[in-house]
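Q:
In my numbering, the protein residues as written are 8 to 61.
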């Protein structure tokens with residue numbers, strides 16, 4: 008699995024309990040378990056949800 012695929016999988020998992028529809032970037036970050044500080048890691052790449060939105 009590529010880094011992109013692994014990060015995508017982690018994001019999908021983090022949103023498993025979210026209420027949809029999500030209508031804005033702010034709502035998306037709020038739906039993450041730790042908000043903008045939610046971390047995804049694959050290989051040597053680590054990114055927070057807040058960083059991913061930039």
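All residues carry an ideal CB built from backbone N, CA and C; glycine is no exception. Computed from a predicted model, the values in this text were never measured in an experiment.
Which residues mark the beginning and the end of the beta strand (DSSP E) in which residue 54 is found?
A: For residue 54, the enclosing beta strand (DSSP E) stretches over residues 52–55.
Q: Rounded C-beta distance between residue 21 and residue 45? I'm assuming under 8 Å.
A: 6 Å
Q: Sorted by chain position, which residues of the same chain lie with C-beta nearer than 6 Å to residue 49's C-beta, five sequence neighbours on each side aside?
A: Within the same chain, residue 49 has close Cβ partners 10, 13 and 14.
Q: Look at the alpha carbon of residue 36 and the alpha carbon of residue 57, and state the distance between them as a whole number of angstroms.
A: 7 Å
Q: Which one or two residues does DSSP pair with residue 11 in a beta bridge?
A: Note: residue 11 sits in no beta bridge, so no partner.
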